[in-house]
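Structure, as structure tokens:
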Amino acid sequence: MVTSIEKRYIEEHKKCQENYSLSKSLFPNGVTHDSRNLEPFPYYVDKASGAYKWDIDGQRIIDYRGGHGALILGHSHPVVNQAVSDQLDIGTHYAASTDLEIRWANLVKELIPCFDKIRFTSSGTEATLMAFRMVRAYSGKTKIIKFKNHFHGWHDYVRSHTQGTGGIPQEVMDTMITLPHNDISVVEDTLRNSDDVAAIIIEPTGAHMGTDPVNPHFLKQLRDITNRYGVVLIFDEVVTGFRISKGGAQSYFDITPDVCTLAKILGGGLPAGAVTGKSEIIDMIQLSNSSDYNRVERVGHNGTFNANPLSAAAGCAALELVSSSPVNEIADKRSQQLKNGLNDILSKLEIPGCASGIASAVFLRLGVEHECDKAICILSEDEQNKIEDPFLSHQMWLEMYNQGIDAGTRFIVNSVLSESDINQTIEASEKALRNIRQEGII
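Numbers given in the working numbering equal positions in the sequence shown, counted from 1, plus 976.
So this is what it looks like as structure tokens:
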């Protein structure tokens, strides 16, 4: 049955629907990224600036998807645009080393505590894949522990034991161990019973950008236990790097991993990724005088667009702004304003749930009565499953979009949102929640 929410979306987005009819014959499900699957059809955007984007039907949207987390500076930031424009005039790809890559690396070194050396890639997925190669080569061990529902890209290793595992050999899955987070006893039992674990990887704020949060004490326990067992600790800071604080989650929680992966904000809105950490691990890429070592022990790494001049120019511009201006502080302030407003609405409408999250990531968790500190909101597995109800999430996404907000139940807040933008978002959220309730969905 089509809801009134869906009917309004269809009526107001005729051009998007027309585009979708063309896309279906070109792309699986008519989209180019799994998270853009949206029934009855996805929306199509043709321009963006600052805190806003406009779809092809002319609707202005306050954007909380933020380039999947890459745009803490908002869309088309003039400083980043100018840096890319200047670079376009002098070359896009030299197939050679550049001053830019040195400048870019030094900016990461200035901000990220675990930095000894760095290797650039073209995406977060490549970064986690490279990190796995490095730690396996370094340790001589094969298995890696990850945590349930934590997202580390789409390559075979990290997709093991999740949804969409078609085409992944069982032999690859057997190298991965998936555990629940926030339970150090399970981790210790695993390490005690296996001497073949090379590393543990974790999203330091929790699964899927922090939707299912990690207890900070668990991070400290992981640091202690990996030190005791001689296992490499990897923080996947693809999302949290330069967002949770200027120095990422490791700086925010004062816990330094052995290795971290970076992307998103790193590239200033252009494709980029990196692995940084202890020299002895990153140096598994380094050539030796031994041909046998280079053939079977060294980690070989090519990549046409590694540290390419355009991404490096954008990344340098973005990180310089993060380093020298109150980008994080402004985004955090707007996030707190948003959380306060959303929680006031839930109380006013007597809808069970909360708006919570660390720094500039806010999660609207609906349908469960509970108490939390509105920052790190840890629920039981049953409660977590309830707030992740796919039908509720889908209808909330559509209705928020109808109200001019691209968020659903997750808000990635950037530094160019104004107080007025947040107030509009809060007002739109109240209308959306009232309509959701009128539909009998919550």
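Just so it is clear, CB atoms sit at the ideal spot from N, CA and C, and this is done for glycine as well.
In angstroms, rounded to a whole number, what distance separates the CA positions of residue i and residue j?
{"i": "S1299", "j": "G1291", "result": "12 angstroms"}
{"i": "G1100", "j": "N1270", "result": "26 angstroms"}
{"i": "V1060", "j": "A1408", "result": "38 angstroms"}
{"i": "N1125", "j": "T1138", "result": "7 angstroms"}
{"i": "F1091", "j": "G1217", "result": "12 angstroms"}
{"i": "A1245", "j": "N1169", "result": "According to the sequence provided, residue 1245 is Gly. The question's Ala does not apply to it. Each residue's alpha carbon lies about 43 angstroms from the other."}
{"i": "L1195", "j": "N1319", "result": "28 angstroms"}
{"i": "K1254", "j": "E994", "result": "51 angstroms"}
{"i": "D1172", "j": "K1117", "result": "5 angstroms"}
{"i": "Q1063", "j": "A1072", "result": "15 angstroms"}
{"i": "I1398", "j": "G1067", "result": "40 angstroms"}
{"i": "T1202", "j": "V1208", "result": "6 angstroms"}
{"i": "W1130", "j": "E1406", "result": "35 angstroms"}
{"i": "V1162", "j": "P1156", "result": "8 angstroms"}
{"i": "G1380", "j": "Q1058", "result": "29 angstroms"}
{"i": "R1036", "j": "E1296", "result": "30 angstroms"}
{"i": "T1151", "j": "K1122", "result": "11 angstroms"}
{"i": "D1033", "j": "D1382", "result": "15 angstroms"}
{"i": "G1329", "j": "I1241", "result": "30 angstroms"}
{"i": "K1119", "j": "G1224", "result": "26 angstroms"}
{"i": "W1373", "j": "N1361", "result": "18 angstroms"}
{"i": "I1418", "j": "E1347", "result": "19 angstroms"}
{"i": "A1174", "j": "F1211", "result": "14 angstroms"}
{"i": "Y1377", "j": "S1369", "result": "12 angstroms"}
{"i": "L1314", "j": "S1323", "result": "14 angstroms"}
{"i": "D1159", "j": "L1198", "result": "10 angstroms"}
{"i": "Q1082", "j": "Q1400", "result": "Position check: residue 1082 holds Asn in this sequence, whereas Gln was assumed. Their Cα atoms are separated by approximately 39 angstroms."}
{"i": "V1111", "j": "I1257", "result": "6 angstroms"}
{"i": "I1144", "j": "R1135", "result": "8 angstroms"}
{"i": "S1227", "j": "A1331", "result": "24 angstroms"}
{"i": "D1031", "j": "F1367", "result": "24 angstroms"}
{"i": "K1000", "j": "R1012", "result": "13 angstroms"}
{"i": "S960", "j": "I1231", "result": "The requested residue 960 does not occur in the structure, where the chain is confined to residues 977 to 1418."}
{"i": "L998", "j": "C992", "result": "10 angstroms"}
{"i": "S1266", "j": "V1021", "result": "53 angstroms"}
{"i": "K1316", "j": "T1187", "result": "It is worth fixing the name first, because residue 1316 is Asn in this sequence and not Lys. Each residue's Cα considered, the two are about 18 angstroms apart."}
{"i": "W1450", "j": "A1289", "result": "Since the first residue of the chain shown is 977 and the last is 1418, residue 1450 is not available in this structure."}
{"i": "T1008", "j": "P1247", "result": "15 angstroms"}
{"i": "E1359", "j": "A1294", "result": "38 angstroms"}
{"i": "G1045", "j": "R1310", "result": "16 angstroms"}
Residues bridged to residue i by DSSP?
{"i": "D1188", "result": "A1183"}
{"i": "V1251", "result": "R1095 and T1237"}
{"i": "K1122", "result": "T1154"}
{"i": "R1386", "result": "F1339"}
Which first and last residues belong to the beta strand (DSSP E) in which residue i is found?
{"i": "Y1028", "result": "Y1028 to D1031"}
{"i": "A1024", "result": "V1021 to S1025"}
{"i": "R1274", "result": "Taken as a continuous stretch (DSSP letters only), R1274 belongs to no beta strand (DSSP E), as it is neither H nor E."}
{"i": "L1209", "result": "V1208 to D1212"}
{"i": "M1173", "result": "For clarity, residue 1173 is Val in the given sequence; the question names Met instead. Its beta strand (DSSP E) spans residues V1173 to I1178."}
How far does the alpha helix (DSSP H) with residue i in it reach, from first residue to last?
{"i": "F1229", "result": "G1224 to F1229"}
{"i": "A1293", "result": "P1285 to S1300"}
{"i": "Q1414", "result": "E1395 to Q1414"}
{"i": "F1108", "result": "G1100 to S1115"}
{"i": "S1136", "result": "That residue, S1136, is in no alpha helix (DSSP H); it is neither H nor E in DSSP."}
{"i": "I981", "result": "S980 to E988"}
{"i": "V1007", "result": "No alpha helix (DSSP H) contains V1007, which DSSP labels as neither H nor E."}
{"i": "R1168", "result": "I1160 to R1168"}
{"i": "M1149", "result": "Q1146 to M1149"}
Point to revise | Validate contact between the segment 980-992 and the segment 1015-1030 using beta carbons, cut 8 angstroms, 3 pairs | key: yes
Review point. Between the segment 1267-1287 and the segment 1019-1033, do three or more beta carbon pairs fall short of 8 angstroms?
Key: no
Review point. Is the segment 999-1010 touching the segment 1348-1368, taking contact as three or more C-beta pairs under 8 angstroms?
Key: no
Practice item. Decide if the segment 1102-1114 is in contact with the segment 1236-1243; the criterion is three or more beta carbon pairs, one per stretch, under 8 angstroms apart. Key: yes
Exercise for review: Could you tell me whether the segment 1332-1352 touches the segment 1385-1392, where touching means 3 or more Cβ pairs closer than 8 angstroms?
Suggested key: yes
Point to revise | Three CB pairs or more closer than 8 angstroms across the segment 1304-1314 and the segment 1260-1269 | key: no
Review point. What are the complete alpha helix (DSSP H) segments, minimum 4 residues, inside the segment 1325-1383?
Key: 1357-1363 and 1366-1378
Practice item. Could you say if the segment 1220-1229 and the segment 1178-1190 meet the contact criterion of at least three C-beta pairs nearer than 8 angstroms? Key: yes
Exercise for review: Indicate whether the contact test is met: 3 or more Cβ pairs, each with one atom in the segment 1037-1053 and one in the segment 1393-1404, closer than 8 angstroms.
Suggested key: yes
Practice item. Pick out the complete beta strand (DSSP E) segments inside the segment 1032-1093, 3 residues or longer, and give them in chain order. Key: 1036-1039
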